[in-house]
Every structure is written in structure tokens, then in C-alpha cells.
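All the letters of the sequence shown, read from the start, carry residue numbers 1 to 167 under this note's numbering. Note that CB positions come from ideal geometry on N, CA and C, so glycine has one too. Everything below concerns the one structure shown next.
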Amino acid sequence: MIKKLLQILLISTTLFSYEIRLDKPSFIEKKTSNTKIKASLIRDDAQEIVIDKDTGLMWQDTIDAKTIKKNRKDAKQYCRSLVLAGYDDWYLPPLKQLKSIVDEKKYNPAIRDGFKNVKAYHYWSASPNLSWSNINVLNIDFKNGQVYNNNRNGMCNVRCVRGKYTL
């Protein structure tokens, strides 16, 4: 059912326009939009999760995702102990997975449509900064979608993920 609705949405929102040039009466130029509609995120309000159909990842989207701030060690532990939607295999996402939900065309928050509980603030990734891996960890600011360094003892928001897919 959801697949058919997505197909209908994609077909109905695809826009084609034609431009007729008066200087060449027989010439018609077809213009197509190069924008790809990204309707792969499905939010389950009852479970408070977002499923990315493209990657197979399931994202936490509880109120905690926008209210809880932790240091990096506690953020990893929080995800490991999270039980949500009947699953207990949640983890802190590596940078590439966290970046997969960023929408760089949006601002404040710079996250793909489908998420409800988002704070325009820094979210931890599990990826260290390889230059300073003993003290710094990479995070993403969901205000602008940019990647930043943060000291492991700093405070950032936490958004957990689960799934077998790796980017």
C-alpha cells in the first residue's frame, strides 16, 4: 500500500514543462526537472521511529533525540541500552550514516523530511577525528548540516540508529 502511494506521489509530482519559442515556430524544447524526489523516509508515529527505505536503517525519533545531551561515552552507552520499537540493537551512528539523513539544501534544521523530533544542534557520531582521535570526535550540526569536531567530554544531542546497512 505504501509503495503504491509513493509511486502515485512520484508520478503526480513529476513536472514537465514545454517552452515554445516564437522565433522558431516549429521548435519545441522539452524541459525536465533534475531534482530527485527523496520520499524514502517513512515515520511511524506510534513507534517513534523513521525508516529509511533506501538504506534499510531505522532511526530513533523520540523526544529524547531533541532533548537529551550527553558526552560521547554516555551517548554510546545510551544507544547500546536503548530499547525502542521492540529492538535492543541500537547504536551511535558513524558519520556517514548520520550524514545520510542530512539535507544540505535545508537550514534550521538541515535534516531530511520525515523526522519530527529534531533540534538544530550538534549530534554525536561514532566516528573519531583521525587527526585527534584521542580527544576529538566528529559530529553534525543539524542547524546547517556541517561536520564539526568536538571534545569527547563536550555535550551533544544523541540520535540512535539500527540496521544492517553500512554506507
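What residue from 89, 141, 113 has the CA that sits closest to residue 124's CA? For this step, residue 124 is matched to residue 124 along the sequence shown. The shortest C-alpha separation from residue 124 is found at 141.
Ranges of the beta strand (DSSP E) found wholly within the segment 48-86, counting only runs of at least 3: 49-52, 57-60
DSSP three-state assignment for residue 35, whether helix, strand or coil: The residue given as residue 35 occupies position 35 in the sequence shown. Residue confidence is low: residue 35 scores 38 on pLDDT, short of 50, so the model does not pin down where it sits. No coordinate-derived value is stated.
Mind reading off the beta-carbon distance from residue 116 to residue 162? Whole number of angstroms is fine, and I expect it under 8 Å. As a first step, residue 116 is located in the sequence shown; it is residue number 116 there, counting from the start. As a first step, residue 162 is located in the sequence shown; it is residue number 162 there, counting from the start. At roughly 18 Å, the Cβ-Cβ gap does not stay under 8 Å, so residue 116 and residue 162 are not in contact.
Along the chain, where does the alpha helix (DSSP H) containing residue 98 start, and where does it finish? Counting from 1 along the sequence shown, the entry for residue 98 is found at position 98. Taken as a continuous stretch (DSSP letters only), the alpha helix (DSSP H) holding residue 98 covers 95-99.
contact_flag[the segment 54-64, the segment 79-91] where n(CB pairs < 8 Å) is 3 or more: yes
For residue 160, three-class secondary structure by DSSP: Along the sequence shown, read from residue 1 onward, the residue named residue 160 stands at position 160. DSSP places residue 160 in coil when its eight states are reduced to three.
Residue from 112, 73, 48 with nearest C-alpha to residue 153: Residue mapping note: residue 153 aligns to position 153 of the sequence shown, counting from 1. The shortest Cα separation from residue 153 among 112, 73, 48 belongs to 73.
Roughly how many angstroms separate the alpha carbons of residue 90 and residue 130, rounded to a whole number? Here residue 90 corresponds to residue number 90 of the sequence shown, with the count starting at 1. Here residue 130 corresponds to residue number 130 of the sequence shown, with the count starting at 1. Straight-line Cα distance between these residues: approximately 24 Å.
Go to residue 140, then tell me how far its beta strand (DSSP E) extends in each direction, as first and last residue. Within the sequence shown, residue 140 is the residue found at index 140, counting from 1. 136-141 is the span of the beta strand (DSSP E), which, as asked, contains residue 140.
Within 10 angstroms of its Cβ, does residue 49 collect 16 or more other Cβ (buried), or is it exposed? Walking along the sequence shown from the start, residue 49 turns up at place 49. The residue in question, residue 49, is buried, as its Cβ has 16 or more Cβ neighbours within 10 Å.
In this structure, does DSSP put residue 128 in helix, strand or coil? Looking up residue 128 in the sequence shown gives position 128. In this structure, residue 128 counts as strand in the three-state DSSP scheme.
What's the C-alpha gap between residue 109 and residue 56? Taking the sequence shown and counting its residues from 1, the one referred to as residue 109 is at position 109. Taking the sequence shown and counting its residues from 1, the one referred to as residue 56 is at position 56. Here the C-alpha atom of residue 109 lies approximately 23 Å from the C-alpha atom of residue 56.
Hey, quick one: how far does the beta strand (DSSP E) through residue 42 stretch, first residue to last? Indexing the sequence shown from 1 puts residue 42 at position 42. Segment 41-44, the beta strand (DSSP E) holding residue 42.
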